[in-house]
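Here the sequence shown stands for residues -21 to -1, 1 to 119, numbered as in mature numbering (1 follows the signal peptide of the UniProt record, and there is no 0).
No residue lacks a Cβ here, since even glycine has one placed at the ideal position from N, Cα and C.
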Amino acid sequence: MKRTTAGVLLAVAALTLTACGEEKQPAGADVIQTGAATSGAPASAAPEADVAADVKVTKCDSGGYTPKVTIEVTNSTGEDARYAVTIAIKDADGKASGEALFAKNRMTPGQKVTEEIPGDTPVKGKITCEVARAKRLPPK
């Protein structure tokens, strides 16, 4: 009985110690450069500020239960890339009301993808949509 109790206490202590850590990310930690930018190759890949320019919101509709956002993403680089995009959805008062997420694993140079993506939260009335975050990453 004492061995079981000691074993349980040891397991709980080990789990507590391993699960307590909280890693703080430095400012700008979510900015990821493409392989070309980090490898010293010519800067054919646009800086991160230009990644958002690869994304256009073409339609922002709140007619259904959840908003539907249509976006067009174009790989403007000379290399294959994958994209992760977050669209901010705001209500008529301009308050944040949800997000819509887009991810594409491999886009060839110049490839254009148009996709309708659902919002994550129902919103009534008029909405606006804008690119909140856009990342271009090396393809997998």
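### Query
Rounded to a whole number of angstroms, what is the C-alpha to C-alpha distance between K114 and F81?
Translated into positions along the sequence shown, residue 114 becomes position 135. Translated into positions along the sequence shown, residue 81 becomes position 102. Rounded to whole angstroms, K114 to F81 spans 11 Å at the Cα level.
*Whole-angstrom C-beta distance between E78 and A67, which should lie under 8 Å*: Translated into the one-based positions of the sequence shown, residue 67 becomes position 88. Translated into the one-based positions of the sequence shown, residue 78 becomes position 99. A67 to E78, Cβ: 6 Å. Contact.
Discussion item. Going by C-alpha to C-alpha distance, which of V102, E94, A32 sits closest to D72?
Written reply: What you label residue 72 is simply residue 93 of the sequence shown in a count that begins at 1. The shortest Cα separation from D72 among V102, E94, A32 belongs to V102.
ask   = Start and end of the beta strand (DSSP E) containing A31?
value = Working through the sequence shown from its first residue, we reach residue 31 at position 52. Element bounds for A31: n/a, residue is neither H nor E.
Quiz item: When burial is assigned at 16 or more other CB atoms within 10 Å of the CB, is A20 buried or exposed?
Solution: Taking the sequence shown and counting its residues from 1, one reaches residue 20 at position 41. Low per-residue confidence applies at A20: pLDDT is 38, beneath 50, and the placement is therefore not dependable, though the value from the model is reported in the following sentence. Exposed, by the Cβ-count rule.
- Query: Which term fits residue 120, buried or exposed, when burial requires 16 or more other beta carbons within 10 angstroms of its beta carbon?
  - Reply: Because the chain is modelled from -21 through 119, residue 120 falls outside the range shown and cannot be assessed.
Legend entry - C-beta atoms of A31 and V110 nearer than 8 Å: Position 52 of the sequence shown, counted from the start, is the residue given in the question as residue 31. Position 131 of the sequence shown, counted from the start, is the residue given in the question as residue 110. For A31 and V110, yes; Cβs fall inside 8 Å.
**Prompt:** Of all the beta strand (DSSP E) runs that stay within the bounds of the segment 31 to 112, which reach a length of 3 or more residues?
**Reply:** 34 to 40, 47 to 53, 60 to 69, 75 to 86, 91 to 97
Taking buried to mean at least 16 other C-beta atoms within 10 Å of its own C-beta, is T37 buried or exposed? Locating residue 37 in the sequence shown gives position 58, where the first residue counts as 1. Label assigned to T37: exposed.
DSSP three-state label for K114, please. In the sequence shown, counting from the first residue as 1, residue 114 sits at position 135. Note: K114 maps to strand in three-state DSSP.
Practice item. Measure from the C-beta of T45 to each C-beta in chain D and report whether the shortest distance is under 8 Å. Key: The structure shown contains no chain D, having only a single protein chain.
Subject >> Beta-carbon contacts of G104 that lie in its chain and below 8 Å, excluding the five residues immediately before and after >> reply: Along the sequence shown, one-based indexing puts residue 104 at 125. Cβ within range, chain order: S41, D70, A71.
Notebook entry, point to check: If we ignore side chains and look at the alpha-carbon of each, how far apart do T87 and K119 end up?
Noted result: Locating residue 87 in the sequence shown gives position 108, counting from the first residue. Locating residue 119 in the sequence shown gives position 140, counting from the first residue. Cα to Cα, the separation comes out at about 12 Å.
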